[in-house]
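What follows is a short report on a single structure.
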Amino acid sequence: MSETLTLHLEGFDGPLDLLLELARSQKVDIARISILALVDQYLAVIAREEVRLELAADWLVMAAWLAWLKSRLLLPPEEVVGEEEDAEAQVARLTERLAALEAMRRAALWLNRRPWLGNDVFARGAPESFSTIDRSGVIADLPALLQAYVAARRRAQARRPYRPNQRRLWTVQEAIARLQAMVGKLPSWQVLSRFLPEGGDPVERRAAVAATLIAGLEMARGGMVELRQDAAWGPIEVRGLANG
Amino acid sequence: MDEALRIAEALVFASEKPVTRDQMAGLLPEGSDVDAVVDALAARYAGRGVELAEVGGGIVFRTAPDLAARLTKVIEAPRRLPRAAMEALAIIAYHQPCTRGEIEEIRGTPLSQSSLEALLELGLIAPRGRRETPGRPALWGTTPAFLEKFALRQLSDLPKREELASTETAPTLPLNAPS
Amino acid sequence: MDEALRIAEALVFASEKPVTRDQMAGLLPEGSDVDAVVDALAARYAGRGVELAEVGGGIVFRTAPDLAARLTKVIEAPRRLPRAAMEALAIIAYHQPCTRGEIEEIRGTPLSQSSLEALLELGLIAPRGRRETPGRPALWGTTPAFLEKFALRQLSDLPKREELASTETAPTLPLNAPS
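Chains as they are written, first to last, in the numbering used here: chain H, 1 to 244; chain U, 1001 to 1179; chain C, 2001 to 2179.
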């Protein structure tokens, strides 16, 4: 090959791509390319390029394989015995692969030259629809009507008489008992709201707040606890007098 | 002129929105008379299956009105009645005339205004006077349209309540999922 | 005939998708010769800014290709596909249904996710089940949009593989410069 090829690896999608371009440069049918020349050219390109190793694995594997292939092709046939597949068959496989890639590349090019919809030719920008959807109707389905009736009746039969939830309202007596039990065990000032019972719905919680406040006031009057509030709307704090 | 006409034709065809005369002027060959081009294009399509029209400050192609009517297909996509409405309708059918309160009592759950309104809008139920009790609640009954829709000749074509009510023979088909 | 022509014109003009001859026959007046109507319509639009084309098993109107340069000043055209995606698309078109691994085998290099995604995004390819081999890789095939994109009537309009192999018209790199 007299041509001096100045090819750079980054222009190619992998070793097969480069091989195909090198084969093309021989300007013959891919089936009749000179594999030996191809191998030399490929190895020359690889040798010239400073390939980053982490990206180069594929390129180097191909280079090693081609070097092996070349050595086999140059050896007299009788010296190459016991190989699983002879070099000629491998050459044939390589040419086949190159031909297949070449065919698909031409197909891509052919497609590329077609008038592309949206680039070269355009469809109607605002297509019209001749169908209107009428959703005003309703599926009149007699079995469904009867099922609905049966279901409603059955639900009514199964229905238990309505019984409102019993509310459990915290009483002042309960709040006093709770405060008495707890306040002595706690050091220093405690926020009164710590002595609320847990849980309950909003109504029950409000009742508990009221009962606990009254309990606190009641006990303060009896001299059992002290109450204080540092600011209007601030937290009310309590401490046991026995402790204080 | 002929080239300008081709460009104008392609532009109006391919554009998603009506093409203004200004936009068109920008694409036509130097020195084209936009109004003349539009007129020529309109003349070319006059009386054809597609016509040129001016809409919202721009030019569009539009199916000739006589054909649009002819080609339009109405696709009926009937809805399924929501479960609550279907149950209310069934209860009205069997207990008419009845009040909303009675429907709620039978269903054991409140009936939304929209369920009743949907049935009214579809013409399946109609008011049948008022019950002379406190509050004078409206009474509801089914309409001839109800019979027609459900392919019933008369109300008595509905299976008897007793036939449905006995749980042994009640159909155990799954209810429509609420939509 | 004139009425049939108007209807066919309106139908194809309005449609978003190729109109098949069967669809057209169903809407033309009784006894119309569909093929003759299509031919007459094609003749009427020949050389105009909008032309009749047979694409994806049906009939469509398309703007004339020579006007593209002007139209793209106003109408936004999507980016053309990069070479790797075009090659993958060609491989899928010729080998469908095929797996990503098979595409990579032919190209001799891994296929980037973005190439596959670009094809999917344009609706040019679609999954066609899985190959019952270890890993059950997805199979890919081309879609009707592929035919429309490249103005193909059917897949068999693609050049035969033998035709592609001939060297006489060997294209040289670069395949397509990214625009």
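Even for Gly, the Cβ is constructed at its ideal location relative to N, Cα and C.
Cβ distance (whole Å) where residue i is taken to contact residue j below 8 Å
i, j, result
"V2037(C)", "L2027(C)", "Rounded, the Cβ-Cβ distance is 11 Å, inconsistent with contact."
"R2148(C)", "P2065(C)", "In the sequence as presented, Arg is not what sits at residue 2148(C); that position holds Glu. With 8 Å as the limit, E2148(C) and P2065(C) do not qualify as a contact, their Cβ atoms being about 15 Å apart."
"L2041(C)", "L2067(C)", "Not a contact, Cβ separation roughly 20 Å."
"L179(H)", "G216(H)", "7 Å"
"L36(H)", "L60(H)", "In fact, because the Cβ distance is near 20 Å, the residues do not count as touching under 8 Å."
"W189(H)", "R239(H)", "5 Å"
"R1128(U)", "G1141(U)", "4 Å"
"E218(H)", "L241(H)", "About 14 Å; that fails the 8 Å criterion."
"L22(H)", "L38(H)", "6 Å"
"L19(H)", "L9(H)", "So it is not a contact: roughly 12 Å between Cβ atoms."
Candidates the options: closest to residue i by CA position
i, options, result
"Q147(H)", "V1050(U), A1090(U), Q1154(U)", "A1090(U)"
"P2134(C)", "E2163(C), G2101(C), A2151(C), L2116(C)", "G2101(C)"
"G1057(U)", "F1013(U), R1136(U), T1020(U)", "T1020(U)"
"S34(H)", "V45(H), L18(H), K70(H)", "K70(H)"
"R1083(U)", "D1022(U), D1033(U), S1112(U), L1152(U)", "S1112(U)"
"R124(H)", "F1061(U), A1151(U), E1162(U)", "F1061(U)"
"K2160(C)", "K185(H), R153(H), A144(H), A107(H)", "A107(H)"
"E1016(U)", "E128(H), Q180(H), L60(H), V61(H)", "E128(H)"
"P1144(U)", "R1130(U), S1115(U), T1063(U), L1122(U)", "L1122(U)"
"L111(H)", "Q2096(C), R2080(C), P2127(C), A2014(C)", "R2080(C)"
"E2163(C)", "D58(H), A92(H), A103(H), L74(H)", "A103(H)"
"A1069(U)", "P2137(C), I2007(C), G2141(C), P2127(C)", "I2007(C)"
"M62(H)", "A47(H), L75(H), R194(H)", "A47(H)"
"D1002(U)", "D1022(U), Q1023(U), R1044(U)", "R1044(U)"
"C2098(C)", "P2078(C), R2136(C), A2077(C)", "R2136(C)"
"G234(H)", "E10(H), P15(H), E226(H), S193(H)", "S193(H)"
"L2188(C)", "A2118(C), I2103(C), A2151(C), F2150(C)", "The question about residue 2188(C) has no answer, for chain C in this structure spans 2001 to 2179."
"D230(H)", "V191(H), L73(H), Y149(H)", "V191(H)"
"V203(H)", "A37(H), I236(H), E226(H), Q166(H)", "Q166(H)"
"V138(H)", "S1114(U), L1155(U), A1118(U)", "A1118(U)"
"R24(H)", "A89(H), R72(H), R105(H), Y149(H)", "R105(H)"
"V2012(C)", "A2053(C), P2127(C), A2085(C), E2030(C)", "A2053(C)"
"I1125(U)", "A1093(U), G1031(U), F1150(U)", "A1093(U)"
"G14(H)", "G223(H), V183(H), Q90(H), Y42(H)", "Y42(H)"
"D2039(C)", "G2129(C), E2132(C), E2009(C)", "E2009(C)"
"P2078(C)", "W65(H), L241(H), W116(H)", "W116(H)"
"F2150(C)", "D17(H), R228(H), R114(H), L75(H)", "R114(H)"
"D2035(C)", "A2014(C), I2059(C), V2055(C)", "I2059(C)"
"Y149(H)", "S1114(U), H1095(U), L1116(U)", "H1095(U)"
"L2158(C)", "D2022(C), V2055(C), S2115(C)", "V2055(C)"
"L66(H)", "A151(H), V91(H), L142(H)", "V91(H)"
DSSP bridge partner residues for residue i (one or two, in chain order)
i, result
"F1061(U)", "L1052(U)"
"L117(H)", "V121(H)"
"R93(H)", "None, per the DSSP bridge assignment."
"R1079(U)", "V138(H)"
"S71(H)", "Answer is none; S71(H) lacks a bridge partner."
"I133(H)", "I1075(U)"
"V1019(U)", "I1059(U)"
Handout entry: the segment 18-30 of chain H contacting the segment 99-108 of chain H, beta-carbon criterion three pairs below 8 Å
Key = yes
Handout entry: alpha helix (DSSP H) runs contained entirely in the segment 1081-1152 of chain U, provided each spans 4 or more residues
Key = 1083-1095, 1100-1107, 1113-1121, 1144-1149
Handout entry: Segment contact, 8 Å Cβ cut-off, at least three pairs: the segment 1083-1099 of chain U with the segment 1042-1050 of chain U
Key = no
Handout entry: Three-pair Cβ contact test at 8 Å for the segment 202-218 of chain H versus the segment 167-174 of chain H
Key = yes
Practice task
Would you mind listing the alpha helix (DSSP H) stretches within the segment 165-244 of chain H that are 4+ residues and don't spill past its ends, in chain order?
Solution key: 172-183, 202-221
Practice task
Could you say if the segment 2101-2119 of chain C and the segment 114-127 of chain H meet the contact criterion of at least three C-beta pairs nearer than 8 Å?
Solution key: no
Problem - Three-pair Cβ contact test at 8 Å for the segment 126-135 of chain H versus the segment 1069-1084 of chain U - result: yes
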